[in-house]
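Worksheet: the structure to be examined is printed underneath.
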Amino acid sequence: MAGRSEHVRVAVIGSGFGGLGAAVRLRREGITDFVVLERRDSVGGTWRDNSYPGCACDVPSHLYSFSFAPNPQWPRTFSGQPHIRAYLERVADTFGLRPHLRLETEVRRARWDTEAKHWQVATSRGELTADVLISAGGPLSDPKLPNVPGLDSFPGAVFHTSRWDHDYDLKGKRVAVIGTGASAIQIVPAIQPEVASLTVVQRTPPWVMPRMDRDITAAERWLHAKVPATATARRGMLWLLRELQVGAFTKRPALLRGVQRIAASHLAKSVKDPVLRAKLTPDYRIGCKRILLSSDYYPALTRPNTEVVASALKEVRGSTVVMADGTEREVDAIVFGTGFHVTDMPIGDRVVGADGRTLAEHWKDGMAALRGSSVDGFPNLLFVIGPNTGLGNSSMILMIESSLNYIADYLRALDTTGAVALDARPEAVRSWNEDVQRRMVRTVWNTGGCVSWYLDDQGRNTTVWPGTTAGFRRATRRVRLDEYTIMTAGAPEQRPAPVEVAS
Ligand code: N01
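Here the sequence shown is numbered in the numbering used here, starting from 39 and rising by one per residue.
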């Protein structure tokens, strides 16, 4: 429990891949004076929250895991949620993180104290202060529900994919699944065989590629355990394959045509009915939205108890869902697979910077952070998975580990300079962000003809990294002190001469 007088060197918010990774890294840097603040009662972040039927990762497990915690025992090429969650629990044990965890401790407010030059953190269990605050809450943590009139008076069950109600039995029920993103397309084939009827409410069809999933054989697992270099080589191959694809997403989207043909043929092979196939055919370039992987989604949609309504959910009238095209269906349960608050991170309303404004106010024209990590006016606040650090085609764990390198170097920089804090210079943040946005212009995410959650409400892509993971690794290897104002205890701030190149 956080006591009123407690002070720590570092407070980490969140205990998913980002927060646990930060905790491991802090210990490896010799820092033990830190806490991990977690609002729920266990670790795991998005892999704890998302326990819906069929939940699995669409990045191969040997790449979607920490480089410092290889798991030779991954059971499948794309492991399911229970295995990933168990992996994170093991990481917490193996690396001695439990003593640092403050479970059921929600951060309500974090305010930079300009006098004391540290963070004042108010949690649901009391207050603490910290020299450095690491925000590792992640972009996929707060569910987003569309504002649908009448939903409050719906008499049946309503839940979001990341808040699955395991006490509610869907068997024999009439169910509407709203949305056709990565979550929904895993749920649909998992629940279709047991429900009485399934209405899939599709505002925009996704591109879906076949999923090459299989058991990892006992022989492979034995080999990875006995000869760890084989697991490293496997990871390396998975990484390289994805690095080689990046140019097509970021610079030459026309190269994705071949991939689009594979997805179109996957659809054609799976769905014979031309009317249904037309409904399921996207009218934008593949890659613009996240490419989905599934070999059982399309077959589920062809089953007699399943129907695709190609329209947005507009209203709920009693127990009837009403779509924008006028279609009405009476249902017993509504499952919202409508995504998360990504470009409007809820933590933004809770973090208050040096000038008394919240991060959300500071970011009212769009999120931006120097090297995805720090924000001007918010000294000693560091992000894991900050703005423009998301990926369209590879493992987020690679990006998380790069940000952790940056954080480790930041903490070293505080020690070596004797500074109490570093504050990103506005011109450095601007320069970095202009470079990111310039590189974004040609990407498939901006030019592919779709609206996705990568874009904020002004149409700016503030979520995805427009380059390779190796490029981000290089950009976050070292903290450049000329990009910061150095704050020392009691002394006036030191401003080094400006520099131009940000990346
Ligand atoms: O959410 P989404 P998600 N009526 O935002 C639709 C990660 N993830 O939870 O496309 C009808 O992608 C909306 O329609 P449109 C992954 O990064 C990873 O599925 O905006 N529909 C869309 O179809 C993923 O990208 C794994 O027109 C409405 C859907 O809701 C991210 O999480 C697995 C609507 C939202 O899709 C989010 O995925 C699962 C309305 N009124 C998730 N409002 C892995 O395997 C919204 N929609 C790693």
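Built from N, CA and C at the ideal position, the CB exists for glycine as well. Fair warning: this is a prediction, and the values are worked out from it, not measured in the lab.
| Check | Outcome |
| --- | --- |
| Residue nearest to LEU408 in terms of C-alpha spacing, selected from GLN119, ALA316, THR514 and VAL467 | VAL467 |
| Reference LYS327, options PHE104, GLY274 and ASN484, closest by Cα | ASN484 |
| Endpoints, the beta strand (DSSP E) within which ARG355 is located | 351-355 |
| Nonlocal neighbours in the same chain, by C-beta distance under 8 Å from SER43, ignoring five residues either side | none |
| Pick from ALA107, TRP85 and LEU282 that is closest to GLY118, judged by C-alpha positions | TRP85 |
| Sheet register partners of GLY118 (DSSP bridge) | ALA94 |
| DSSP state of TYR206 mapped onto helix, strand, coil | coil |
| Exposure label - HIS198; buried when at least 16 CB within 10 Å | buried |
| Reference THR396; option with closest CA among ASP253, PRO417 and PHE378 | PRO417 |
| Status (buried if at least 16 other CB within 10 Å, exposed otherwise) for LYS155 | buried |
| Spatially closest choice to GLY92 from ILE229, GLY82, ILE324 and ALA60, by CA coordinates | ILE229 |
| Three CB pairs or more closer than 8 Å across the stretch 446-458 and the stretch 514-522 | yes |
| Spatial distance of SER162 from THR143 (CA atoms) | 5 Å |
| Supposed contact pair ASP414 and PRO464 - C-beta distance, whole angstroms, cut 8 Å | 4 Å |
| Identity of the residue in ARG512, VAL309 and PRO98 nearest GLU439 by Cα | ARG512 |
| PRO181 beta carbon less than 8 Å from that of PHE378 | yes |
| GLU67 versus ALA61 - alpha carbon distance | 10 Å |
| Through-space distance from THR514 to THR507, alpha-carbon basis | 11 Å |
| Euclidean distance between Cα positions of ILE122 and THR501 | 24 Å |
| DSSP three-state assignment for HIS198, whether helix, strand or coil | strand |
| heavy atom of ligand 1 below 7 Å from SER117 C-beta | no |
| Heavy atom of ligand 1 within 7 Å of TRP260 beta-carbon | no |
| LEU351 beta carbon near ligand 1 (any heavy atom closer than 7 Å) | yes |
| Pairwise C-alpha distance: TRP202 and GLY410 | 31 Å |
| Check whether VAL369 and ALA174 have beta carbons under 8 Å apart | no |
| THR218 versus SER308, TYR335 and ASP382, residue with shortest Cα-Cα distance | TYR335 |
| Cβ shell of VAL284 (< 6 Å), same chain only, five flanking positions each side left out | THR506 |
| Ranges of the alpha helix (DSSP H) found wholly within the stretch 254-320, counting only runs of at least 4 | 256-264, 266-288, 295-308 and 312-318 |
| Rounded C-alpha distance that separates SER303 from PRO337 | 14 Å |
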